[in-house]
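Taking it in order: structure first as structure tokens, then the write-up.
What follows is the structure, given as structure tokens:
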């Protein structure tokens with residue numbers, strides 16, 4: 315199956331925030347009360363009700379000029395997703411398009427994914443059931459997987475009027491990003507493609523105007539070793555152990571039966587109370 | 055130990071069934087996909103009506119998805135040559151014009167000097183507006199100023215909105231000029 319990628323060229327973004335509203339509109343997410351942050355940015359970061367946030371970064375470039383940098387920030391949909399690795403309920407999985415989604419019915423709100431996400435884009439939301447008991451679920455951008463399934467593009471991409479965002483096949487988008495970096499090198503000498511290989515590449519790739527750290531992004535994000543140990547070693551071993559235990563119990567039962575039969579037989583033979 | 059009389063055949067049958075169940079649960083049967091199929095696409099059975107955004111003068115096309123007598127989704131109209139499916143952050147919120155709890159559904163009237171808004175019906179509202187416009191205009195009408203015919207009133211002003219289309223703007227200007235309004239303005243010039 316072809317993998318799809320959301321291409322974000324931050325140098326074309328004019329900071330209109332239509333992507334934020336389009337996301338709320340499609341996913342029926344409620345508004346959040348926010349406080350003034352000292353800049354034009356509306357929310358400090360992605361939350362359970364705000365799946366994408368437009369960053370407004372006031373950056374002083376090497377020449378002493380102020381650059382106003384924008385970045386559409388949401389889930390990266392990593393190829394090797396830490397959230398998927400650590401989820402003890404297998405609630406997080408990859409779709410055939412390469413997007414990472416959370417199964418709301420399976421999620422138990424343990425928050426392991428929130429702690430392990432290298433980009434801090436998953437959040438827990440608190441709900442109240444009909445008895446007034448609170449429970450939690452993990453929430454994040456789904457890359458509008460429901461829309462992709464119907465042949466539509468993600469809501470944020472659909473609404474972007476500057477062409478800062480595009481959605482397409484992985485190889486084509488990576489090529490486009492590399493081409494774009496060449497075009498903007500004169501104006502932004504630090505420009506680069508952000509498609510971190512530490513997490514096997516992502517399904518949201520960026521053309522960044524500056525170093526990732528300027529945008530508050532990790533230079534080389536990785537799936538935490540503990541997550542790999544947990545999912546790839548501890549869990550299979552645990553499962554194998556359950557299997558082994560089951561087999562041992564069954565085995566013990568059978569042997570026990572077998573030996574007790576023999577003992578019985580021996581007893582019968584010894585005791586001579588045979589009715590045969 | 056619990057007594058369980060299993061002969062060889064029964065034992066094989068049982069362990070076979072257990073293995074098959076495990077295989078289905080662990081490997082073969084993808085319940086996620088099956089569950090996903092049972093969820094209906096948000097705009098699968100909606101009625102789609104094209105409209106024009108009411109906010110600024112650009113006049114972007116919007117598709118309004120309605121179901122069960124309410125608006126469930128709005129999106130930029132890809133067939134509209136003005137916005138080609140794109141929308142700004144404000145135009146994207148247009149669903150709330152209909153669904154917002156703060157939406158006014160009846161005309162509100164605040165009498166001069168009053169602190170309270172009271173609900174009135176449209177009939178009363180339009181009649182009152184017409185009556186008072188006529189009164190104000192007649193009382194403040196200036197025919198001549200410094201020997202020049204002006205036929206104007208300076209006590210009424212009109213502020214048009216960007217959502218008005220060509221024809222509406224024409225009618226509004228015609229009416230206002232007819233009354234002698236000189237403060238004839240438009241929101242897009244602010």
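Chains as they are written, first to last, in my numbering: chain A, 315 to 590; chain B, 55 to 244.
Don't be surprised by glycine CBs; every beta carbon is placed ideally from N, CA and C.
Just so you know, these numbers come straight off a predicted model, no measurement behind them.
Sheet register partners of residue 104/B (DSSP bridge): Start at 1 with the first residue of the second chain, and residue 104/B comes out as number 50. DSSP, once it has assigned bridges, lists 117/B as partnering residue 104/B.
Per-residue burial, residue 478/A [other beta carbons within 10 Å of its own, 16 or more giving buried]: Locating residue 478/A in the first chain gives position 164, counting from the first residue. So residue 478/A ends up on the buried side.
Contact with chain A by residue 195/B, beta-carbon distance below 8 Å: As a first step, residue 195/B must be located in the second chain, where it is residue number 141. With 8 Å as the cut-off, residue 195/B does not count as an interface residue toward chain A.
Outcome for residue 244/B when other beta-carbon atoms lying within 10 angstroms are tallied against a minimum of 16: Here residue 244/B refers to the residue found at position 190 of the second chain. Below a pLDDT of 50, predicted positions are generally treated as unreliable, and residue 244/B, at 48, falls in that range; no measurement from the model is reported.
Residue 336/A and residue 475/A closer than 8 Å at C-beta: Working through the first chain from its first residue, we reach residue 336/A at position 22. Working through the first chain from its first residue, we reach residue 475/A at position 161. No, the Cβ-Cβ distance between residue 336/A and residue 475/A is not below 8 Å.
Through-space distance from residue 181/B to residue 171/B, alpha-carbon basis: For the purposes of this step, residue 171/B is identified with residue 117 of the second chain, where counting begins at 1. For the purposes of this step, residue 181/B is identified with residue 127 of the second chain, where counting begins at 1. Straight across, the Cα-Cα distance linking residue 171/B with residue 181/B is about 18 Å.
Contact list for the region 139-154 of chain B against chain A, Cβ threshold 7 Å: Within the region 139-154 of chain B, the residues whose Cβ lies closer than 7 Å to any Cβ of chain A are, in chain order, 139, 140, 141, 142, 143, 146, 147, 149.
Per-residue burial, residue 350/A [other beta carbons within 10 Å of its own, 16 or more giving buried]: Here residue 350/A refers to the residue found at position 36 of the first chain. Exposed, since its Cβ has fewer than 16 Cβ neighbours within 10 Å.
Chain-ordered residues of the region 433-467 of chain A with a beta carbon less than 7 Å from chain B: 460, 464
Residue 215/B versus residue 143/B - alpha carbon distance: Position 161 of the second chain holds residue 215/B. Position 89 of the second chain holds residue 143/B. Looking at the two C-alpha atoms, the distance is approximately 19 Å.
Contact the region 107-118 of chain B vs the region 142-161 of chain B: 3+ CB pairs below 8 Å: yes
Where the beta strand (DSSP E) through residue 205/B begins and ends: The residue given as residue 205/B occupies position 151 in the second chain. Counting along the chain, the beta strand (DSSP E) containing residue 205/B begins and ends at 202-214.
Proximity test, Cβ basis, 8 Å: residue 366/A and chain B: Taking the first residue of the first chain as position 1, residue 366/A is located at position 52. No - not a single Cβ of chain B is within 8 Å of the one on residue 366/A.
Entirely enclosed alpha helix (DSSP H) segments - the region 408-465 of chain A, minimum 4 residues: 426-430, 459-463
Where the beta strand (DSSP E) containing residue 519/A begins and where it ends: Position 205 of the first chain, counted from the start, is the residue given in the question as residue 519/A. Residue 519/A -> beta strand (DSSP E) spans 518-522.
Own chain partners of residue 153/B with C-beta closer than 8 Å, once the 5 adjacent residues on each side are dropped: To locate residue 153/B, count along the second chain from 1; it is residue 99. Correct list, in chain order: 124, 125.
For residue 369/A, three-class secondary structure by DSSP: On the first chain, residue 369/A is found 55 positions in, with the first residue counted as 1. In the structure shown, residue 369/A sits in a strand (DSSP, three-state: E or B).
Whole runs of the alpha helix (DSSP H) within the region 164-205 of chain B, excluding any shorter than 4 residues: 176-194
Neighbouring residues, chain B, relative to residue 316/A (Cβ below 9 Å): Locating residue 316/A in the first chain gives position 2, counting from the first residue. Simply none; closest approach about 18 Å.
Under 8 Å by beta carbon: chain B residues contacting residue 475/A: Here the question's residue 475/A lines up with position 161 in the first chain. Within chain B, the residues near residue 475/A are 137, 140, 141, 142.
Local conformation of residue 232/B per DSSP, three classes: Here residue 232/B refers to the residue found at position 178 of the second chain. Of the three classes helix, strand and coil, the one that applies to residue 232/B here is helix, per DSSP.
Any C-beta of chain B under 8 Å from that of residue 385/A: By one-based count along the first chain, residue 385/A stands at place 71. For residue 385/A, the answer is no, since every Cβ of chain B falls outside 8 Å of its Cβ.
When 237/B, 121/B, 130/B, 198/B are compared against residue 466/A, the one with the closest alpha-carbon: Start at 1 with the first residue of the first chain, and residue 466/A comes out as number 152. The shortest Cα separation from residue 466/A among 237/B, 121/B, 130/B, 198/B belongs to 130/B.
Coarse secondary structure for residue 348/A, derived from DSSP in three states: As a working note, residue 348/A is residue 34 in the first chain. Three-state result, residue 348/A: coil.
Closer than 7 Å: residue 409/A CB and nearest the ligand HEM heavy atom: In the structure on display, the ligand HEM does not appear, and there are no ligands present to speak of.
Cross-strand partners of residue 320/A (DSSP beta bridge): Position 6 of the first chain, counted from the first residue, corresponds to residue 320/A. DSSP lists 481/A, 518/A as partners of residue 320/A.
Contact with chain A by residue 109/B, beta-carbon distance below 8 Å: Taking the second chain and counting its residues from 1, the one referred to as residue 109/B is at position 55. No, because no Cβ of chain A sits closer than 8 Å to the Cβ of residue 109/B.
Simplified DSSP state of residue 390/A, which is helix, strand or coil: Position 76 of the first chain holds residue 390/A. It is coil, neither helix nor strand.
Chain A within 8 Å of residue 96/B, Cβ atoms only: Position 42 of the second chain, counted from the start, is the residue given in the question as residue 96/B. Yes, because at least one Cβ of chain A sits closer than 8 Å to the Cβ of residue 96/B.
Reduced DSSP secondary structure (H/G/I, E/B, other) of residue 551/A: As a first step, residue 551/A is located in the first chain; it is residue number 237 there, counting from the start. Helix, per DSSP.
Three-state secondary structure (DSSP) of residue 406/A: Locating residue 406/A in the first chain gives position 92, where the first residue counts as 1. The answer is strand: DSSP assigns residue 406/A an E or B state.
Beta-carbon gap between residue 223/B and residue 209/B smaller than 8 Å: Translated into positions along the second chain, residue 223/B becomes position 169. Translated into positions along the second chain, residue 209/B becomes position 155. Going by C-beta atoms, residue 223/B is not nearer than 8 Å to residue 209/B.
Cβ of residue 130/B within 8 Å of any chain A Cβ: Here residue 130/B corresponds to residue number 76 of the second chain, with the count starting at 1. Output row for residue 130/B: interface = yes.
Closer than 7 Å at the beta carbon, the chain A residues around residue 237/B: Counting from 1 along the second chain, the entry for residue 237/B is found at position 183. Under the 7 Å cutoff, chain A gives no residues; its nearest Cβ is about 33 Å from residue 237/B.
Separation of residue 234/B from residue 518/A, as counted between CA atoms: In the first chain, counting from the first residue as 1, residue 518/A sits at position 204. In the second chain, counting from the first residue as 1, residue 234/B sits at position 180. Between residue 518/A and residue 234/B, the C-alpha separation is close to 59 Å.
Nearest-angstrom Cα separation, counted from residue 206/B out to residue 195/B: Translated into the one-based positions of the second chain, residue 195/B becomes position 141. Translated into the one-based positions of the second chain, residue 206/B becomes position 152. Pairing residue 195/B with residue 206/B, the inter-Cα distance amounts to about 6 Å.
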